[in-house]
Each structure stands twice: as structure tokens, then as C-alpha cells.
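To start, the structure under review is shown below, and the notes come after it.
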Amino acid sequence: MLASQLCTSCGYELCNAPAPPDPVYGLPVCTCPSCGVSIVRRKHRLRTHPVAFRRLDRAFNRMALTIFVVLCVSGAAVLISGLATRQAEVHERAPWPALTHAVRNADRSELLSIGVLLTIIALVQLLSGLVLSRLLWHWKMTHLALAWGGLLLVCCTSVPTVLVRIDAIAFEFGPVLRVYGSMVQVAGVCWLLTAAGLFVGKATMPSRDKIVARRLRRSLKWARKLQSRNRAG
7 MLASQLCTSC GYELCNAPAP PDPVYGLPVC TCPSCGVSIV RRKHRLRTHP VAFRRLDRAF
67 NRMALTIFVV LCVSGAAVLI SGLATRQAEV HERAPWPALT HAVRNADRSE LLSIGVLLTI
127 IALVQLLSGL VLSRLLWHWK MTHLALAWGG LLLVCCTSVP TVLVRIDAIA FEFGPVLRVY
187 GSMVQVAGVC WLLTAAGLFV GKATMPSRDK IVARRLRRSL KWARKLQSRN RAG
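Spelled out as C-alpha cells, the structure:
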């Protein structure tokens, strides 16, 4: 929708009138078809300075997307840790001895299913690291990896003791500590896979000069389009 602009002499609507640049001053000048008065086209500041508002909108959208991805990825890691811990508690073992026991006593078809499941989990964690490295590219990868490990540790230690209640174990310090210890172990492996994805994403990320050049080309393209639109009215 075009912004309204009225003629200062007769009040005629000039929003659809063409405004070619003046040959001397270069200002967009539109001529009123009703009374013939020439008026410099003026726009609202939201339209004359759209770059700052686009950057602000892009920043808010990026922040919302980053928060959503962090919540989903951390939730997936905690869910994997909880399920692995519950399965280990059923067999009254730690997570890795329980996995080793399941692999040794499984049939060939079950081995294939276990291998596919472990591969999917590993790929999910690696892709999570790649996505985080793209979204939080301005962070140092070592700082991001340490912060991600701290977040997983906080999530795993703050999860309610639902697993203990499901298995009908008394709410005592020993069982709760064992459950949390198992969850932290599985979350540590998830953190290692995500950290590997972070550094792979950092290694495959284009250089900063290429990113700046691409943004400059995009800005120049947008400026040329805006200028041609202003000239056409």
C-alpha cells in the first residue's frame, strides 16, 4: 500500500503520481496533475530508513529461532538420556553395561535395529552441532561447546525423578543419585557428538569475507530495486 501524499495547493492525492529525479538536485519531484504545482516527494521515516528496521526484525527472528532450536536440541538430548537410563534401570545396570549386554544377547534382526537406532541418535546430535554452529556463528566454538555442556548438565540434574517413581523405587538419595549419574553419562556422550558437529560446522563455514561480500551484494540489489521503484513512482 502506497503512502498518502497530498498536494499542498489543491489537496490532490499524489501517491500514484510518478516522481522522476530532478536533473539539478536529484530529488524525487512529482507534479500535481490538477494544479501543476511541483512537490518533492517525502516518505515516512519507516520507509526512508528501512535497513535498520529490517535488521531489527531479522535479529528478533533469529533470536526466536535460536531459542527454539536450543530448546528442541537440549530436550532431545535429555530425552535420550532419560530413556537410556530407564532402560538401564530395568536391567539394574549402568547404561553402557546394559547396552553391551543387549548387543551380546540380541539376534541379528535386533542387532540391525539397535545399530540403526544408535546411528540415528548419533546423526541427530551431529546435525544439532551443525545447526548450532550456523545459528551462533559469532560465538567461539570452544565457548559454545562449554556452554552447551553446562546447559546439558543443568538440564539432566534438574529433571524430576520420574524414572525413580515409574520403577517403584523408594525416593532415597542412593537411587536418585544413580539415576542422575546415568543420565549425566549419556548426556556426556551426546555432548561429545554435538561438540564434534560444532567443530565440523566451523570448519565448513564460509569465511567472514565471503559472508560480508554476499551481504553487500544483497544490499546493493535491494537498493537498486528500491531506486527503480522510486523513479517509477
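Numbering (our numbering), first residue to last: 7 to 239.
Beta carbons are placed, not taken as given, at the ideal position from N, Cα and C, and that holds for glycine.
In this text, all values refer to a predicted model and were calculated from it rather than measured experimentally.
Looking at C-alpha atoms only, which residue of the options is the closest neighbour of residue i?
i: residue 128; options: 87, 208, 12; result: 87
i: residue 154; options: 232, 78, 38, 13; result: 78
i: residue 233; options: 34, 15, 14; result: 34
DSSP three-state label for residue i, please.
i: residue 199; result: helix
i: residue 36; result: strand
i: residue 30; result: coil
i: residue 20; result: coil
i: residue 142; result: coil
i: residue 67; result: helix
i: residue 211; result: coil
i: residue 25; result: coil
Is the separation between the beta-carbon of residue i and that of residue j shorter than 8 angstroms?
i: residue 159; j: residue 150; result: no
i: residue 18; j: residue 40; result: yes
i: residue 188; j: residue 91; result: yes
i: residue 20; j: residue 38; result: yes
Please report the distance separating the alpha-carbon of residue i from that of residue j.
i: residue 211; j: residue 73; result: 21 angstroms
i: residue 152; j: residue 114; result: 39 angstroms
i: residue 174; j: residue 75; result: Low per-residue confidence applies at residue 174: pLDDT is 46, beneath 50, and the placement is therefore not dependable enough to give any value.
i: residue 101; j: residue 135; result: 23 angstroms
i: residue 240; j: residue 10; result: The structure shown does not extend to residue 240, since the chain is modelled only from 7 to 239, so the question has no answer here.
i: residue 161; j: residue 80; result: 8 angstroms
i: residue 82; j: residue 107; result: 25 angstroms
i: residue 199; j: residue 130; result: 9 angstroms
i: residue 65; j: residue 220; result: 18 angstroms
i: residue 95; j: residue 132; result: 27 angstroms
i: residue 142; j: residue 12; result: 47 angstroms
i: residue 42; j: residue 228; result: 33 angstroms
Using DSSP's beta-bridge definition, name the partner residues of residue i.
i: residue 105; result: DSSP, once it has assigned bridges, lists no residue as partnering residue 105.
i: residue 234; result: Residue 234 is not bridged to any residue.
i: residue 44; result: 37
i: residue 12; result: 19
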